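Peer 1:
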Amino acid sequence: MIRYRASWILPIDTPPIRDGWVAVDRGRVVALGSPASADRSSGSVNDVRLGDVLVMPGLVNAHTHLELSHLHDEVPPAPGFVTWIRAVMAARRQRPDPRSPEIMDGVARGVAESIACGTAVVGDISNTLVTFEPLKRSPLAAVVFYELIRFNAPEPAALVDAARAEIAALSQTARVRASLAAHAPYSVAPLLFRAIRQASDRDAFTPCSVHLSESAEEVEFIQTGGGPWRDLLDEVGAWDPAWVPPRVSPVQFLDEAGFLGSNLLAVHGVQMTLDDLGRLKARGTTLVTCPRSNGHTGAGAPPLQDFYDAGVRVAIGTDSLASAPDLNVFAELATMRALAPNVPVESLLRSATIEGARALGFDADYGTIEPGKRARLLAVDLPSGVDDVEEYLVSGITPSQLRWLDEKSEV
Ligand SMILES: [Zn+2]
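So the sequence shown is numbered by the numbering used here: it starts at 52 and just counts up by one.
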């Protein structure tokens, strides 16, 4: 057994412990405490003094698209969301083979970058499942969301059955799993939403995801059936003449369709009203915010203060490298701090850890430092003079200030 001693331990679900310790055995946390609390661990203990660092659980990036990593710096910031998505569609059309070396190298770089940035768990959106095996080979825990996107879907049940068969053919483990997701209200047929929901209710392991209320153009389309989204659907031949605009907000639309639930990660929420947020809270849906991506795509700044004031569960995602400069959740935290300086810093840190872990179904193993959980622990360098360690963690931590605690190398 190893007992790490550090100037700070941040368990997340309890206050930071100054001069604390955490005992680890065979990859699991055994105990933790302050200098005054006795460690009753029996057997031989290897004390490791880490010095001026803070030890915390690995972070959770609850929304990313590793298969888009090759688009890093390829899609410029856009004045409006539909302009941005047109550029992404054009870039993806240039690479029709989803397993091309360029795409797979991007996935490998995205995985490596995630780990270097202190991420332990990812919620990874994929339209092709090419990220599943690379994630299995990595130390990351993951849910790979097999995302369906089809606005004109004459046979939604068959589409979902085929996707479920592809998921069933994967060799899932306790650490890397897969489940279904829907892309967004403007790109998924109402009956396809229903079929995905029915499948999610049937399967044992069922986190689900949807991009929701991301842009003003989405709100316009769901309310009126017109605007830039309608134009785009027409252009790509995906328009369904039988579709009737719901004439409500995107959140109300999916709520009344029975799609919101406690297993759902609703991503973005930039355009959500207080009524929308009340619906998410009532359904126990987790809202995943990706503020740097929202700035890049022209969606605008998310109303973070409203998210937290409404009492909604909030998790954090970087989104893909097509709209974020890196996959660093600590950088996302710094942006959130700047956008919403009155949200308690403990709430932000919970969003970056346990809230994401819970939404992805990994809270038994990740998200806090607690006896029994996996010891996937980060050591963050603390410069001298830092007293408010939680504030420091949301100030913009870079990979050079981090390292993973590895039991094997410290025995
Ligand atoms: Zn996304």
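By construction, the Cβ of each residue, glycine as well, lies at the ideal position given by its N, Cα and C atoms.
For clarity, every value in this text was computed on a predicted model and none was experimentally measured.
Near residue 162, which residues of its chain fall below 7 angstroms by C-beta distance, leaving aside the five closest residues on each side in sequence?
Peer 2: Listed in chain order, the non-local C-beta contacts of residue 162 below 7 angstroms within the same chain comprise 117, 185, 186, 189, 191, local neighbours out to five positions each way being set aside.
Peer 1: Flag this pair as yes or no: are the beta carbons of residue 111 and residue 171 separated by less than 8 angstroms?
Peer 2: In this structure, residue 171 lies closer than 8 angstroms to residue 111 by Cβ.
Peer 1: List the residues that DSSP assigns as beta-bridge partners of residue 101.
Peer 2: DSSP output for residue 101 lists no bridge partner at all.
Peer 1: Which same chain residues end up closer than 6 angstroms to residue 315 when comparing Cβ atoms and leaving out the 5 residues on each side of it in sequence?
Peer 2: 259, 336
Peer 1: Compute the beta-carbon to beta-carbon distance between residue 407 and residue 367, rounded to the nearest angstrom, for a pair I have assumed lies under 8 angstroms.
Peer 2: About 6 angstroms; that satisfies the 8 angstroms criterion.
Peer 1: Verify the contact flag: residue 347, CB atom, against every heavy atom of ligand 1, threshold strictly below 7 angstroms.
Peer 2: When distances are taken from the beta-carbon of residue 347 to the heavy atoms of ligand 1, even the shortest one reaches 7 angstroms or more.
Peer 1: Mind listing, in chain order, the continuous beta strand (DSSP E) runs of no fewer than 3 residues lying wholly within the region 177 to 203?
Peer 2: 192 to 199
Peer 1: So, using beta-carbon positions, are residue 74 and residue 87 closer together than 8 angstroms?
Peer 2: no
Peer 1: Alpha carbon to alpha carbon, how far is residue 247 from residue 77?
Peer 2: 39 angstroms
Peer 1: Shorter than 7 angstroms, the distance from the beta carbon of residue 53 to the closest heavy atom of ligand 1, or not?
Peer 2: no
Peer 1: Kindly give me the distance between the Cβ atoms of residue 453 and residue 169, rounded to whole angstroms, as I take these residues to be in contact under 8 angstroms.
Peer 2: 5 angstroms
Peer 1: In chain order, what residues have a CB nearer than 6 angstroms to some heavy atom of ligand 1?
Peer 2: 114, 116, 176, 262, 318, 370
Peer 1: Whether or not the region 260 to 267 and the region 317 to 327 are in contact is what I'm after, with contact meaning three or more pairs of Cβ atoms, one per stretch, closer than 8 angstroms; do they touch?
Peer 2: yes
Peer 1: Could you give the distance in angstroms between the alpha-carbon of residue 135 and the alpha-carbon of residue 202?
Peer 2: 19 angstroms
Peer 1: Give me the Cβ distance between residue 154 and residue 126, rounded to the nearest whole Å; I'm assuming they're in contact under 8 angstroms.
Peer 2: Actually they are not in contact, since the Cβ atoms of residue 154 and residue 126 sit about 15 angstroms apart, beyond 8 angstroms.
Peer 1: Looking only at C-alpha atoms, which of 115, 430, 460 sits nearest to residue 451?
Peer 2: Closest option to residue 451, Cα to Cα, is 430.
Peer 1: So what does DSSP say about residue 23, is it helix, strand or coil?
Peer 2: Residue 23 lies beyond the residue range present for the chain, which begins at 52 and ends at 462; the question has no answer from this structure.
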